[in-house]
Every structure is written in C-alpha cells, then in structure tokens.
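For the sequence shown, this note's numbering begins at 6 and goes up steadily by one.
The C-beta atom is built at its ideal place from N, Cα and C for all residues, glycine as well.
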Amino acid sequence: MMTAFDFTDVEAFLDSHPDLFEEYLVRRAKCDQVSRWLKEHQTSKVSTAEEKRTAITDPLWPSSADGLRRRSSHMELRRNFARSKATTAHRTYDEHVSLSEHESQSSMRRRALLRKASSLPPTTAHILSALLESRVNVPQYASSAIDYKYRLKETNEREFFLELVKDISNELDLTNLSYKILINVCILVDADRCSLFLVEGPAHKRTLVSKFFDVHSGTTVRPSSSTLNSNEVQVPWGKGIIGYVAEHGETVNISSAYEDHRFSDEIDKLTGYKTQTILCMAICNSDGEVIGVVQAINKNPMGTPFTEDDEKVLQMYLPFCGISIFNAKLFSESRKEYERSRALLEVVNDLFEEQTDLEKIVRKIMQRALTLLQCERCSVLLLEDIDSPVVKFSKTFELMSPLCNMDRDISQFKSNKKHLDLSCSDWLINNSIAELVASTGLPVNISDVCQDPRFDAEADSQASGFHIRSVLCVPIWNRTHQIIGVAQILNRLDRKTFDDADQRLFEAFVIFCGLGINNTMMYNQVKKTWAKQSVALDVSIFINPAAKIPLSSELGIDEFHFNDFSLDNDAMITASLRMFLELGVVQKFKIDYEVLCRWLLTVRKNYRTVAYHNWRHAFNVSQCMFVMITTATFQDVLSEAEILALMVGCLCHDLDHRGTNNAFQAKTGSALALLYGTSATLEHHHFNHAVMILQSEGHNIFANLSSKEYSNMMQLLKQAILSTDLTLHFESMLMTACDLGAVTRPWEVSKQVAELVTSEFFEQGDRERSELKLTPAAIFDRNRKDELPALQLEWIDGICKPLYQALLKLNRKLQPMVNGIDANRQKWQELCMSYQENRRASTSSQSTDPGHNTESSDDGETSEFLKKTEKTSHVKNTKFGSKSESRELLSLRANKEVCN
6 MMTAFDFTDV EAFLDSHPDL FEEYLVRRAK CDQVSRWLKE HQTSKVSTAE
56 EKRTAITDPL WPSSADGLRR RSSHMELRRN FARSKATTAH RTYDEHVSLS
106 EHESQSSMRR RALLRKASSL PPTTAHILSA LLESRVNVPQ YASSAIDYKY
156 RLKETNEREF FLELVKDISN ELDLTNLSYK ILINVCILVD ADRCSLFLVE
206 GPAHKRTLVS KFFDVHSGTT VRPSSSTLNS NEVQVPWGKG IIGYVAEHGE
256 TVNISSAYED HRFSDEIDKL TGYKTQTILC MAICNSDGEV IGVVQAINKN
306 PMGTPFTEDD EKVLQMYLPF CGISIFNAKL FSESRKEYER SRALLEVVND
356 LFEEQTDLEK IVRKIMQRAL TLLQCERCSV LLLEDIDSPV VKFSKTFELM
406 SPLCNMDRDI SQFKSNKKHL DLSCSDWLIN NSIAELVAST GLPVNISDVC
456 QDPRFDAEAD SQASGFHIRS VLCVPIWNRT HQIIGVAQIL NRLDRKTFDD
506 ADQRLFEAFV IFCGLGINNT MMYNQVKKTW AKQSVALDVS IFINPAAKIP
556 LSSELGIDEF HFNDFSLDND AMITASLRMF LELGVVQKFK IDYEVLCRWL
606 LTVRKNYRTV AYHNWRHAFN VSQCMFVMIT TATFQDVLSE AEILALMVGC
656 LCHDLDHRGT NNAFQAKTGS ALALLYGTSA TLEHHHFNHA VMILQSEGHN
706 IFANLSSKEY SNMMQLLKQA ILSTDLTLHF ESMLMTACDL GAVTRPWEVS
756 KQVAELVTSE FFEQGDRERS ELKLTPAAIF DRNRKDELPA LQLEWIDGIC
806 KPLYQALLKL NRKLQPMVNG IDANRQKWQE LCMSYQENRR ASTSSQSTDP
856 GHNTESSDDG ETSEFLKKTE KTSHVKNTKF GSKSESRELL SLRANKEVCN
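What follows is the structure in structure tokens.
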C-alpha cells in the first residue's frame, strides 16, 4: 500500500512535470473520464446550446442528438485502433517516419524524466519508472490539430464542419491541400484509410494519378514531392472502382470489397492489409467536371459499413474540396507561367550577352533547354544551306543532363563542324525526324517512339547506348522566317511524355534561340566578309611583279643571327614571299602569285594578339627553316615537296593559338579539349585551322598539285605541325629546332623573346590560380620569378643543347646555332650566379639591417629582365615540356636522320 506521503510526492512531481502528466492522460484516459472533465468545466453546456442552434439553422446536416451520439460512440474505438496501429500491417508510406521521429523524441524525454525520478524516495521512484517504461513502443498518431478536430466533432458538429472547410480554403499548395483533404475525410467518416486521385492528361487520354495513397488520420508527417513522385499510383480512366467513379460521377459504397468485381486485391496481397468496406466519391469543379476521386477504406470499427450519413457528409464537404483543388491548380499553373516567363527573359539575356561565338551560344541554349524542360538530352542541328531544297545539316551540337544516368560515358558536349574531319554524332541515328521538321517547318511530338514508324528506337539504342522514349523536335527560324535548323529534346526526367504545355514553351524558347543563333551567324559572316575585303586590299600592295621584292640579303633573312624584331608586319609578308620564290617552290608547284599573297595575309590574320605565339613567332620559325635549308644545304637532302611542306608548316604551326598550353586546355575542359580528345590538342587545332584556310576560296596554294601529290603534301604538312608538340612528337628535329630557334639568336634578341615567353607563361599561371584554384608550376608562377635564370639553364641543358648538338653531327654548317646557344647559356649562367650572390648579400645585410630592400641589390640586367616579364601583358605557351620528359624523347630520336 502506498502511504499518503507517497501520493503527495507523486502529485508534486507531476505538478512540476506537466508534460509527463499530459502524455499519461492522452495515453490512459477513458472517454467517460474526459466527459466528466468537460462536464465539470461546463464545456458540455456550451456544446448542447451549439447543437440546438445547429439543428435549427442547418436542417441538411445530420446533427440530431442521435447523430452526435452515434458518431461520438466511435471515438473510444477509433483511439483503440490508433493505439494498435504499431503492430498492424499498413500501406501508409510515411508512417514509419512519424513513428521514428516520435520515438526518438519521446525516448530522450523519458530518459530525462527517469533521471529526475531517481532522486525521489524508492517507492515513488519505482512507480514513476514503471509508468514511464510502459510507454515504450506505444506510438502517438494524432497531432494537436487533429485532436482538436476530434474534440470539435464530439462537441460541436457545426464548428467541426466549418473548421474542416477553413482548413482547406486558404491552402494553395496542392500537396499540402491533398494531405489535409484526406485527413479531414478520415475524421469525417471514421475511415481507417483514405486515398486521393486527381485527373491528369488531355480529354482523350485522361488518367487518375494518386496525390496521396492510403493516408490515415494519425499521419503527422507530410511526404516530400520526390517521395510522392516515386510512389505515384496511376489508374486508367474507367478501370476499377476509382476509374468507374471518375467516368460516371457516381458514388460507390461497398460493404464487402472482395465481392465487387471491380475491386483488385493486388495491393492487399503486397501489404498484408485487408480491405473490407469502401466509400468512393467523385470531386467536381464549379462546372460539374470530375477533377478527382476520393476513396475511404475500412470504416472504424473494422467491418462496419459506411452509412448514408457518411455519404451525405462527403457530398457536402467535397464541393469545397473541388473549389480548393481548382484554386490550387490555378495557382500552380500561374506560378509555372511566371517561372517560365522569367526563364525566357533569362534566355534573352544570355543570348544577347554572347553573340560572337556560335559554340558558346548554342551551349547556353541547350543548358537552358535542359533546365527549363527538365529533359535528359538536347540537340541543335543547323542547316548547311537554308536556300537549298535538300535538307543537309552542317553542324550538330548535343548536351546531356547531369541528372541523366547512362550505361556508358558519353561526352557532355560535342560538336560536328565542317572541314574538321570529325565523325557525326553517335546518338543522332534517327535524323529523319529532324529532317522532316526542317523540311516541313512543323513540330513533331512523339510520346512513344516504339509506336512511331518513322523512328527506329532499337537501332538507336544499340548504336548509342541511350534509350529514347519520347521526342519533341521544333524548327528554328531566323528573323526573315527562314528555317536555319532544328532543336530537339529527348525524354522528360520524370519519365512522362512531352505535353502541349511543353511544346508551347519549347516553341517560344526556340524563337529567341533562333534570333540569337541568326545574329551570331550574321556576325561571323560580316567578320569573314570584312577579313576578305581587308585581305583583298592588302593583296593589292604585294601583287606587283616579283622583281620588286628585296633580296634575302637585303632583308637579312639569310643569316643565322637574324634579328627577330627587325621587320614590321608588311615586311614579314614581303620576306615570306622572297623565301618561297628563292626556294623555287612557286615555280615548281605552279603556285599562283596572287593566291600566295592572299594565303599569307590570311594566315597572318588568323594569329591572335598574344604575347609570344603570334604571327611574328611564326615568321621567325619559317626564317630559321629557310636559313637552315639554304645555308646548311639541306636542299640536297630534302625533296621539293618536303621543303614546301616544312615552310608552310612553319608559318601555320601555331595558328589561332590562345596563349595557353595543352595542359591548360585539358584542366579547364575547353571546347578544343572536348573536340580533339588528345594531349596534342593545340597542334591538331593548328593543323585543322591551316586546312580550313587552304580550303577557303582563293587560298589554295596547292591547287595545281595532282590528287596524289596533294594527298602526300597534306600528310607532310600534318606531320610537320604535329611535330612541334615536344611531349608527343619528335619526328622532325628540323621543325623542333626552328620552333626553338630564338635560343640561338644574339643575346639581346634571345633575352627579349624569353621575356615574351615568360610573360605569357605568367598569365597562364595567373589563370590557373584564379580560375582553377591551382598552384602553377615554377615556370608559370610569377611569385617564383627569381627562379627564371636557373630554369632557363635547365631548359638549355636539358632540351636545346642536346637537340642542336645532334643536328650538328648531321651537318657541320649548323655550328653558328650551337655557338649562339653557348653564348646565351653563358649569359644566363652569369645572371643566375649574380642573382644568387646578391641574394646571399641581401640575406646577410638583412641580418644586420632589417629594413634593407632585397630588390635594390639585384644585378641591373637581372632586375631589368624580371621587371619586363612582370609588365608584359597577354601570353601563350608552347613546347616547354618537362625536363625529364623531353630529355627522354630526345634520346630516342637524336641518332635518327633528319628526314626519312
């Protein structure tokens, strides 16, 4: 027996811990105990008065005292069922979430109370511990809002009904609204489970899609949108009980589900839950159209059939649900239209920010399309000739969404350009759709490619590894309403088909894309036209008879110690003409003089204004080749075709160089790196650019070669240009020696070239640090500029000296080049030693004079060199391979003959 003292202690403990008392009351209190409490607090009197007013003012509501008692009589049973749900098989997908969250919070609170209870007298502590431990694994399903609704239902049905209407009237989020509707329906008809299906799709292809499936009144955690999508249940129109109610608008009240032929027990078999009674009713909008179906399952207590009162209650409540659903859908569509309008404005902004680079603008278009339409892949195909009746695509671009999973690795962005010898896209097997759209100007929307005779889905899947389900393809128009290409998207990410709204949005999107692409193409066309006119004007300057061109001796191009900076731009064109004439290749290969002039001027224009890898560098490399061929008598070793290929290769070997090296292209994932997919990215680009110029009208200096001679010439040219990549190609030591020829020039010239190279390297290093967040190598790091003399020595000793010594063994007439290297090495050695001595002196003076400035003690020439490299802007790299790599390559080739 407990003493009075013990009960006093318990009461005092509960007074100081009201949360424990509340939990105990909710769990253990009986219905009659709650009724007595309500009666003592006069709540029942108020309720009785409200009931009378309800009965008078609302005759349609089944609100007699019998009706109220009849519904109240189920409350205790409903709560008993709720308490037993933890051990019952359920179909509710979110119940385990609410349980786990509740259990974790309750267990922490229970442990805290147990610690407090341990300080009480032993008997009292034992009682409280037993009380707390008895709550293990007893879940709570009802939130305070749901409990409030049940209390209203017991005490005031009119207020209860108004509360349910208010609960949904201001909810504009369709997910939250659907959740609230089902909870309220569960409470209204005492259902164990409820499901909501909404009508989706066009009139000819309507389906019923579950917003929530099997929600019970104890559910307190709302699922996320991603969970909803993954647990969607679709019911065909007119099929099953749901489909029947939607099609006919009739109410279905079944007391034994398994006896109705329309009922399917598949879900019961999967979950172990048995459906007994069903009440299914349509939800209509203000026009009487069915927009959804609600289904209540298993009235409590289990086995009790749904009554006519339940039907009347739902008939009164569901019209409010229909209005709320219609408003929520309208709000959702308005938000979508707003988001789409904003996206289109962003597209316009993107397109007019970039109108100079076609690849960039198409990439932006496809990225926006993937995001806007939420699809797996996108492609843009541009027509070769918009005036031709024959549809032929000249450029194709494709992009895959990062959210799309593929069986194999596919490059995210590829392009197929004319003249670049690239293979066509590996997944655009079914170009027939794109060709149809381009020829007719009509969009094509295929919801299931397997059912469309124009599409060979199996062949496409086997060839590309990408399974196409649905396709939306629309034409791209320019401002004069001409078709310039097509845009195509594949497979919605949610695995649905592209609907009319998607098509309208895509067509609006492509209108702006067409303007952007057209403007970019016009800009490029104007730019090319201007360049042609400029070349034509320049050609007129050099079209005079060859006799007026100065001799090589007058230009100084016949000497190994040529000054790289002695000629201006026009003089370099003149000198190039002289070299071609003096080598005899113009006469031998019947090169048209005007074509040669035009070609030289176009080559010059296709070099960018970077610090080092520019037109001047290309000319200096060709001058070095010229003097080696003529002075060292390589004409006796090389064929005339090889001489022409080497000279053309020298002038073209760095075309369109961007001032950064191959490693930088790979690190940044540039368009060139994606396009060529090789370590010799730039060298392949230089060659393809040279080919493009040769194939331009009026620029083919090889026009008079036979087919066989032309093919051989292109192979020689490709070998010559690719050989300038030290890390991969060392096939032609002549090309390499000419490319590095500045190291053999007089000191002042060689030092000035080193300043330009270093400046370009530093700019690349700055970009690596700022864009890639990488610490650049020493030769690219302006913070380590004091190491440059030492790095130059390593460069000369590891690469240059062995190369020219190997060539000297082949031809003793190249001695001046080796002498030049030796002289320059001596200068770099002096700079290095001077810098080291000044560094030591500076360190020594700093130990006695902390304010000493180290830069003031630098050698004058060293300081000048470092300052110039700091000030020079723009840059580009080349063939400064690593010491170990290049030395190994050189050792493999040093004993080979100069030419095969």
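For residue i, which residues from the same chain have a beta carbon less than 7 Å from its beta carbon, with the 5 sequence-adjacent residues on both sides left out?
i, result
"His694", "Asn611, Leu660 and Asp661"
"Ser571", "Gly561"
"Glu792", "Ala783"
"Lys963", "Residue 963 cannot be examined here, being either before or after the span of the chain that is shown, 6 to 905."
"Val352", "Arg373, Phe514 and Phe517"
"Glu440", "Val396"
"Cys837", "Pro794, Ala795 and Leu798"
"Val653", "Leu722"
Among residues of its own chain, excluding the 5 on either side of residue i, which ones have a beta-carbon nearer than 8 Å to its beta-carbon?
i, result
"Gln820", "Leu813"
"Ile928", "There is no way to answer for residue 928, as the model of the chain reaches only from 6 to 905."
"Ser444", "Val396"
"Ser437", "Arg459 and Phe460"
"Phe165", "Lys154, Leu157 and Lys158"
"Phe268", "Gly245, Ile246, Ile259, Ala262, Thr280 and Ile283"
Can you check which of these residues, the options, is closest to residue i by C-alpha distance?
i, options, result
"His689", "Ile726, Arg663, Gly654 and Ile698", "Ile726"
"Val299", "Thr212, Met697, Asn568 and Leu187", "Leu187"
"Ala742", "Asp505, Leu651, Asp14 and Lys400", "Leu651"
"Ile826", "Lys818, Tyr263 and Pro751", "Pro751"
"Leu169", "Ser329, Val642 and Glu587", "Ser329"
"Ile801", "Asn829, Arg787, Lys818 and Pro781", "Asn829"
"Tyr617", "Gln757, Lys244 and Tyr343", "Gln757"
"Arg497", "Arg474, Ile634, His486 and Thr485", "Arg474"
"Leu349", "Ile272, Thr376 and Arg787", "Thr376"
"Asn381", "Glu645, Ser215 and Glu403", "For clarity, residue 381 is Glu in the given sequence; the question names Asn instead. Checked all of Glu645, Ser215 and Glu403; the closest Cα to Glu381 is Glu403."
Does the distance from the C-beta atom of residue i to that of residue j stay below 9 Å?
i, j, result
"Leu378", "Asp507", "yes"
"Phe471", "Ala492", "no"
"His704", "Thr607", "yes"
"Phe311", "Asn354", "no"
"His691", "Thr729", "yes"
"Lys334", "Leu201", "no"
"Pro324", "Asp505", "no"
"Ser737", "Gln720", "no"
"Thr665", "Arg789", "no"
"Leu680", "Asn529", "no"
"Asn717", "Lys595", "no"
"Leu656", "Val626", "yes"
"Gln628", "Met584", "yes"
"Trp620", "Asn574", "yes"
Please go through the same chain and pick out, in chain order, the residues whose beta-carbon is closer than 6 Å to the beta-carbon of residue i, but skip the five residues on each side of it.
i, result
"Phe785", "Phe766, Gln769 and Gly770"
"Leu687", "Asn667"
"Asn816", "Ala637"
"Leu649", "Val590"
Would residue i be called buried (16 or more neighbouring beta carbons within 10 Å of its own) or exposed?
i, result
"Tyr840", "buried"
"Lys341", "exposed"
"Trp604", "buried"
"Ser755", "buried"
"Val531", "exposed"
"Ile302", "buried"
"Asn189", "buried"
"His658", "buried"
"Ala251", "buried"
"Ala576", "exposed"
"His622", "buried"
"Val31", "exposed"
### Message
When you compare the region 366-385 with the region 520-529, are there three or more beta-carbon pairs, one atom per stretch, that lie closer than 8 Å?
### Response
Short answer: they touch.
#### Entry: Cβ pair count under 8 Å reaching 3, the region 771-780 against the region 799-814
Counting C-beta pairs with one atom in each stretch, the region 771-780 and the region 799-814 have fewer than three that are closer than 8 Å, which means they do not touch.
### Inter-stretch contact (C-beta, 8 Å, three-pair minimum) for the region 286-295 and the region 260-271
Because the criterion of three Cβ pairs below 8 Å is not met, the region 286-295 and the region 260-271 do not touch.
### Message
With three or more beta-carbon pairs closer than 8 Å as the criterion, would you say the region 304-318 touches the region 193-208?
### Response
Yes, the region 304-318 touches the region 193-208.
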